[in-house]
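**Q** Going by the working numbering, the sequence shown runs without a break in its numbering and finishes at 267.
Let me begin by handing over the structure; questions about it come next.
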Amino acid sequence: MKIIIEETLLISLILNSFIIKLTALFLKERARLWLLSSLILSAISIILPAFQINIILKILIIVLSSNVLVCISFKFSSFKRYCTLFCAFILNTFVFGGGCYAVQNLVGAFPLFCTAIISAIIYIISKMIINYQQRLDKIKRFTYNVMLKDGDKVIYEEGYLDSGNVLYDTITKKPIILVTYEVFNKIYQNINYINALTKNIDKSIVKDAHYVKINGVGSGTSILVFTIDEMLINNEKSFKDVAVGLSFSNFDKSFGKKILLNNGLI
Numbered sequence: 002m003k004i005i006i007e008e009t010l011l012i013s014l015i016l017n018s019f020i021i022k023l024t025a026l027f028l029k030e031r032a033r034l035w036l037l038s039s040l041i042l043s044a045i046s047i048i049l050p051a052f053q054i055n056i057i058l059k060i061l062i063i064v065l066s067s068n069v070l071v072c073i074s075f076k077f078s079s080f081k082r083y084c085t086l087f088c089a090f091i092l093n094t095f096v097f098g099g100g101c102y103a104v105q106n107l108v109g110a111f112p113l114f115c116t117a118i119i120s121a122i123i124y125i126i127s128k129m130i131i132n133y134q135q136r137l138d139k140i141k142r143f144t145y146n147v148m149l150k151d152g153d154k155v156i157y158e159e160g161y162l163d164s165g166n167v168l169y170d171t172i173t174k175k176p177i178i179l180v181t182y183e184v185f186n187k188i189y190q191n192i193n194y195i196n197a198l199t200k201n202i203d204k205s206i207v208k209d210a211h212y213v214k215i216n217g218v219g220s221g222t223s224i225l226v227f228t229i230d231e232m233l234i235n236n237e238k239s240f241k242d243v244a245v246g247l248s249f250s251n252f253d254k255s256f257g258k259k260i261l262l263n264n265g266l267i
C-alpha cells in the first residue's frame, strides 16, 4: 500500500508540474514555486479519497486548491489576469486528463506509471505547438508590406524586421536590407544563381555594385551590395537610393520572408 501511495504521489506530482509549466508557457509567464504548488495539489488529491464526502464538496475542494496553486505559482496584477491564469490552468488540466482518457479508451487499462509517460508526450507535443504558434505570432508582428522599385522594375514582397540586422554600407553609410537571390533576380534577370553565389558577376551592370564584409548575416565573408531607386514600407514610409545586400543565408526558410529589413529603417 505504501508503495502504491508513493507511486501515485510521484505520478501526480509529475502531472501537476507539467500542467503548471505548460500554463506558464502558454501565457508567457514565469512559474515560481511550481514544485511546492505541485506537491500541495498532489497531496490533496491523494488524501481526499480517504474522506467520505460528497462529490460536490470534492469538486469545491479541488477548485479551491487549484486557486491556491495559481496564487502561489504566478504573479498577477489584476483580477482579469488571475482569471486568465486560472482558466488556462483548468484548460491544461483537461488537456492532460483528456489525453490519458483517450489513450485508455484506445488501448484499455494501463499501469499507473504509463500516465507519466503519456503526460510527458502530451507536454512535449503541446510545448512544440505553443512555441511554433508564438514564433508565427512574432514573425507576423514584425512583418511589413514592402515595395521595391528600380527603374521600370517594381517588386512587391513581405519583409521581416530583424533586430539582428544592423548592417551598414561602409561606403554610403546607409542601412542595408537583405534580399534573397529570387528577389535579386527579378531586378537583374541576366545574372544567374551560380555567378551570383561565386561573386563572378560584371559589377558594371549592377547599380553601385560593391562587396561589404560581414560577420554574421549572409554567406561567406562579404556580400554584394547595390542600390535601388526606392523602397516603400506599408505604403507609408518611403526611402530613396536604398542599399540592398544579396544574401545566401537562407533566412527566408527561417522567417518565411524574402526581404530582411534593417533595424535602422523602422
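Backbone N, C-alpha and C define an ideal beta-carbon position, used for all residues, glycine too.
Quick one, are the C-beta atoms of T268 and L86 less than 8 Å apart?
**A** Here the chain comprises residues numbered 2 to 267, so residue 268 is not present and cannot be evaluated.
**Q** Less than 8 Å between the C-beta atoms of I188 and K154, yes or no?
**A** Closer than 8 Å, so yes.
**Q** Please give the ranges of any beta strand (DSSP E) in the region 184 to 230, keeping only runs that are unbroken, at least 3 residues long and fully inside the region.
**A** Taking only runs of at least 3 residues, the beta strand (DSSP E) segments lying wholly in the region 184 to 230 are 211 to 214.
**Q** Going by Cα to Cα distance, which pick from K174, L266 and N251 is closest to F227?
**A** When each option's Cα is compared against that of F227, the closest is K174.
**Q** State whether the region 117 to 137 contacts the region 32 to 41, with contact taken as three or more CB pairs (one from each stretch) at a distance under 8 Å.
**A** No: fewer than three Cβ pairs fall under 8 Å.
**Q** Determine the closest residue to S13 out of E159, S205, K238 and F97, with distance taken between C-alpha atoms.
**A** When each option's Cα is compared against that of S13, the closest is F97.
**Q** Using DSSP's beta-bridge definition, name the partner residues of Y232.
**A** Note on identity: in this sequence residue 232 is Met, with Tyr being the wrong assignment. Answer by DSSP bridge pairing, in chain order: L149 and F240.
**Q** Under a three-way DSSP split, which group does L34 fall into?
**A** Reduced to three states, the DSSP call for L34 is coil.
**Q** My understanding is that E159 touches K258, with C-beta atoms under 8 Å, so please give their C-beta distance in whole angstroms.
**A** So it is a contact: roughly 5 Å between Cβ atoms.
**Q** Which two residues bound the contiguous beta strand (DSSP E) that contains K154?
**A** Here the beta strand (DSSP E) through K154 covers K154 to L162.
**Q** Output needed for N93: all residues of its chain with C-beta closer than 6 Å, excluding positions within five of it in sequence on either side, in chain order.
**A** Around N93: I20, L23 and T24.
**Q** Roughly how many angstroms separate the alpha carbons of I229 and D138, rounded to a whole number?
**A** Approximately 30 Å between the Cα atoms of the pair.
**Q** By Cβ distance, which residues of its chain are closer than 6 Å to F185, with the 5 residues on each side in sequence left out?
**A** Excluding residues within five positions, the ones whose Cβ falls inside 6 Å are L247.
**Q** Going by beta-carbon coordinates alone, are L168 and I215 separated by less than 8 Å?
**A** In contact: L168 and I215 (Cβ atoms closer than 8 Å).
**Q** Three or more beta-carbon pairs under 8 Å between the region 38 to 45 and the region 66 to 77, yes or no?
**A** Output reads yes: the region 66 to 77 touches the region 38 to 45.
**Q** For my contact list, Y161 and I140 are in at a C-beta cut-off of 8 Å; report their separation, rounded to the angstrom.
**A** Contact holds; Cβ gap of about 6 Å.
**Q** Please return the same chain residues whose Cβ sits closer than 6 Å to the Cβ of G99, not counting the five positions on each side in sequence.
**A** Counting only Cβ-Cβ distances below 6 Å, and skipping sequence neighbours, we find nothing.
**Q** Among T222, K200, T199 and L149, which has the Cα closest to the Cα of V180?
**A** Of the listed residues, the one whose Cα sits closest to V180 is L149.
**Q** How far does the beta strand (DSSP E) with I122 in it extend, from its first residue to its last?
**A** Taken as a continuous stretch (DSSP letters only), I122 belongs to no beta strand (DSSP E), being part of the alpha helix (DSSP H) at F114 to R142.
**Q** Taking 6 Å as the limit between beta carbons, can you name the residues of its chain near P176, skipping five residues before and five after?
**A** Around P176: Y169, N263, G265 and L266.
**Q** Just how far apart, CA to CA, sit T222 and Y212?
**A** Approximately 10 Å, taken between the alpha carbons.
**Q** State buried or exposed for A89, treating a residue as buried only when at least 16 other CB atoms are found within 10 Å of its CB.
**A** Buried.
**Q** Please work out which residues of its chain come closer than 6 Å, Cβ to Cβ, to K204, disregarding the five sequence neighbours upstream and downstream, and give them in chain order.
**A** Cβ neighbours of K204 beyond the five flanking positions: A210.
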